[in-house]
Structure formats: C-alpha cells, structure tokens
Amino acid sequence: MKIVEEPNTFGLVNKTQICFGIHVGFFFSPIFSVGRLNNPFMAQGNRLQPKVAPSPVSGPAHLHRLAGKCFSLIESLYKYEFCPFHNVTQHEQSFRWNAYSGILGIWQEWEMANNTFTGMWMRDGDTCGTRNRETKVILLCSNSSKLVQVSEPSTCVYSLTFETPLVCHPHSLLVYPTLNEKLQEEWDEAEQARYEGLITEQGYNNLLRDIFQDAGLLKSNKVTETVPQAEVDSGKPNSLQKCQEDYQKQSEEIARLRALLTQNNISFESQPNEQKGAVTVPAKDQHLRGDTGIFDLL
Numbered sequence: 001m002k003i004v005e006e007p008n009t010f011g012l013v014n015k016t017q018i019c020f021g022i023h024v025g026f027f028f029s030p031i032f033s034v035g036r037l038n039n040p041f042m043a044q045g046n047r048l049q050p051k052v053a054p055s056p057v058s059g060p061a062h063l064h065r066l067a068g069k070c071f072s073l074i075e076s077l078y079k080y081e082f083c084p085f086h087n088v089t090q091h092e093q094s095f096r097w098n099a100y101s102g103i104l105g106i107w108q109e110w111e112m113a114n115n116t117f118t119g120m121w122m123r124d125g126d127t128c129g130t131r132n133r134e135t136k137v138i139l140l141c142s143n144s145s146k147l148v149q150v151s152e153p154s155t156c157v158y159s160l161t162f163e164t165p166l167v168c169h170p171h172s173l174l175v176y177p178t179l180n181e182k183l184q185e186e187w188d189e190a191e192q193a194r195y196e197g198l199i200t201e202q203g204y205n206n207l208l209r210d211i212f213q214d215a216g217l218l219k220s221n222k223v224t225e226t227v228p229q230a231e232v233d234s235g236k237p238n239s240l241q242k243c244q245e246d247y248q249k250q251s252e253e254i255a256r257l258r259a260l261l262t263q264n265n266i267s268f269e270s271q272p273n274e275q276k277g278a279v280t281v282p283a284k285d286q287h288l289r290g291d292t293g294i295f296d297l298l
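In UniProt numbering, the protein residues as written are 1 to 298.
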C-alpha cells in the first residue's frame, strides 16, 4: 500500500490508498487518479520543467524576506501559486488523470517608472503557441501578505495582484535608495548631463537602463566578451564621466589652436576646396543631426 496525495475540485487534498498488487492503479479510474505533479508513474519529462533559472533576488531589501515563501489562490478550477523571486504556477483542480499543471513565468526582472518599482516580471514560462507564458505581479498595500487576484489581459500574458504590508510605506518602492553608492553617483551624473544638454532623452534613458542592469534590477542582454587592447587604448568614450572629460579636453585644444591661428593672422574658417570640387562647411555651422545619445564634439 502507498499513500499519495491528489487535488480535488475544491482545492483540498485527499489521501487515497492504491493497491499495486493487482495492477488496479494502472487503470487510473476517476477514484484513483492523481495530479500530474503527484503521480509517481508519470514520466519526468511530463512534470514541470523550467526553461531557465530564476534571476537573483533584487530590489528593495525589505522585500527579500518574501524569498522562499509561496502564496496560493484558487479561482474556478485552477490553483495559482506565486513564489516571489522564483516563479508562478497554475494547477488544475480536477480528478482527471492528466490534470494540467504549468509554469506561468519565472522570476526575471523589475518593471520601473519614475524612480518607482511598478511590478515584478515572471517570464519564460511554458510554451503557449509561438511564445512563452509570462506574468506581471503588481504589489499593493494590505495588512497581510496574500495573492488576491489573477487575470489574463491578453493571450498567454497573466496579471497577478499580490498584497503585502511590506509596500505600505510611501518610500517602500523607490528605486534610487536600493542602488549602491557608485550607481547612485552614475545616476546623479546622468541627471546633471541631461540638465546641461550634454545628452538627449534617449541617451539618458539608455544610461539608466545600464545602471539598472548593473544593479541586477533588469535582466542584462549584454554579451560579455574580451575587448581588444587596441580598443581600450583608443580613447573612445565608454562612460559618461570619460565622455565629459574628453569633451573638456577637446574644447581646450580647439581654443588653443584657434588662438595660435589668430596670432599668425591665419583665418580658421574653412574655405572651399576648389581643386577637389568639395565644399567644407564652416566650423561654426557644423553640428550633429538626429538622436545620437551622448553628444560628441568632432
């Protein structure tokens, strides 16, 4: 005799005794059926198989205490289970031998707007047609931690509402305080550069995304590779600070050259090149066009 657990239509768990001596259990009648997760005879490949590993725990430190815990909600014939910083799963509460159980998303990254965490994204869930299932978890204030609502706004994209007292403080979901001192300084520099017009709005947003990826708040798509030494020594700006330093040096060099030309009564305005038939635009009329992110002085 062996005791196994099976889910019923009411979300409760019953214990059923199955006799293996006369192979009755292999018929899987409605009385003896077991769910996919609990069925010891089901091939391992048919059980829940995550596509990727969860991202590391990140975000507000006071929310890290939710890691390792799970919260469930039963709606209609399905039980939904949300495990913060791990995954979201769905289990059909049925006597059917092949009752559905699936992964609706695996923890990957935060959604942020205006210096505020607005949701947790669980992606790379089970295959759904030509895409993978994914879930956005919205955090709301409450006097207890619980999963309160599940919906499917669009096909294969789910929305979960999770209430917890951990987000009731007005500053509990601010992004800036979760960054280390170095990344906070980079954000301050980006803000100052945008204020001074040294970078465009798109360039500013790109810098913020890099900062959030370095902090582990967003999943990084960067490909780690060895940079040739020649590129390292080329002096090409690779950070906002270096860009500003290069800009200052180039400005000083241009001023020095113009002063030198003026001392020798040489005009520094470019003149048409009649031999080659090309016309060079005067330096004062040269400017960059289009959105190039960080401005560069050529």
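The beta carbon of each residue, even a glycine, is placed where N, CA and C say it ideally should be.
Hey, how far is the Cα of Ser101 from the Cα of Cys83? 15 Å
Assuming Leu217 and Met112 make a contact with CB atoms under 8 Å, what is their CB distance in whole Å? 7 Å
Start and end residues, beta strand (DSSP E) containing Glu92: 87-92
Nearest residue (CA-CA) to Glu75, options Phe85, His91, Asn87: Ranking Phe85, His91, Asn87 by Cα distance to Glu75 puts His91 first.
Taking the alpha carbon of Arg133 as the point to measure from, which residue in Gln108, Glu191, Asn115, Phe95 has its own alpha carbon closest? Gln108
Taking the CB atoms as reference points, tell me whether Tyr176 and Asn87 lie closer together than 7 Å. no
Starting from Gln149, trace the beta strand (DSSP E) in both directions and tell me its first and last residue. 146-154
Can you tell me the Cα-Cα spacing of Ile266 and Ile199, whole angstroms? Rounded to the nearest whole angstrom, the C-alpha separation of Ile266 and Ile199 is 34 Å.
Helix, strand or coil for Lys219 per DSSP? In the structure shown, Lys219 sits in coil (DSSP, three-state: anything other than H, G, I, E or B).
Would you mind reading off the limits of the alpha helix (DSSP H) that contains Lys182? 181-195
With which residues is Arg131 paired in a DSSP beta bridge? Cys128
Measure the alpha-carbon distance for Ser172 versus Gln244 and round it to whole angstroms. 34 Å
Determine the burial state of Gly105: buried for a count of at least 16 other Cβ atoms within 10 Å of its Cβ, exposed for fewer. buried
Short of 6 Å in beta carbon distance, which residues of its chain neighbour Phe212, apart from the five on each side in sequence? Order them along the chain. Closer than 6 Å at the Cβ level, and outside the excluded window around Phe212, lie Leu218.
Tell me whether Arg96 sits in a helix, a strand or coil according to DSSP, three-state version. coil
What does the alpha-carbon distance come out to for the pair Asn206 and Ser145? 35 Å
Determine the extent of the beta strand (DSSP E) in which Arg123 is found, giving its start and end residues. 116-123
Given a threshold of 16 other Cβ atoms within 10 Å of its Cβ, counted over all protein chains shown, does Lys182 qualify as buried or as exposed? exposed
Is the CB-CB distance between Leu166 and His62 below 7 Å? yes
DSSP bridge partner residues for residue 300 (one or two, in chain order): Residue numbering for the chain in the displayed model covers 1 to 298; residue 300 lies beyond these limits and cannot be assessed.
Between the beta-carbon of Trp110 and the beta-carbon of Gly59, is there less than 7 Å? In this structure, Gly59 lies closer than 7 Å to Trp110 by Cβ.
Classification of Asp126 by the beta-carbon crowding that lies within 10 angstroms, buried from 16 upward: Burial call: buried.
Buried or exposed: where does Thr130 fall if 16 or more other Cβ atoms within 10 Å of its Cβ makes it buried? exposed
So what does DSSP say about Lys51, is it helix, strand or coil? coil
Our contact map puts Leu160 next to Leu174 with C-beta atoms below 8 Å; I'd like the distance itself, whole angstroms only. Contact doesn't hold; Cβ gap of about 22 Å is too wide.
Report the rounded CA-to-CA distance for Ser55 versus Gln250, giving the unit in angstroms. 42 Å
Roughly how many whole angstroms lie between the Cα atoms of Asp233 and Arg209? Only weak support exists for where Asp233 lies, its pLDDT of 49 falling under 50; the value from the coordinates is given anyway. Spanning the two alpha carbons is a distance of roughly 26 Å.
Buried or exposed: Gly197, going by 16 or more other Cβ atoms within 10 Å of its Cβ? Only exposed fits Gly197, as fewer than 16 other CB atoms lie within 10 angstroms of its CB.
If you reduce the DSSP assignment to three classes, tell me which class Ser159 lands in. strand
List the endpoints of the continuous beta strand (DSSP E) containing Ile106. 101-113
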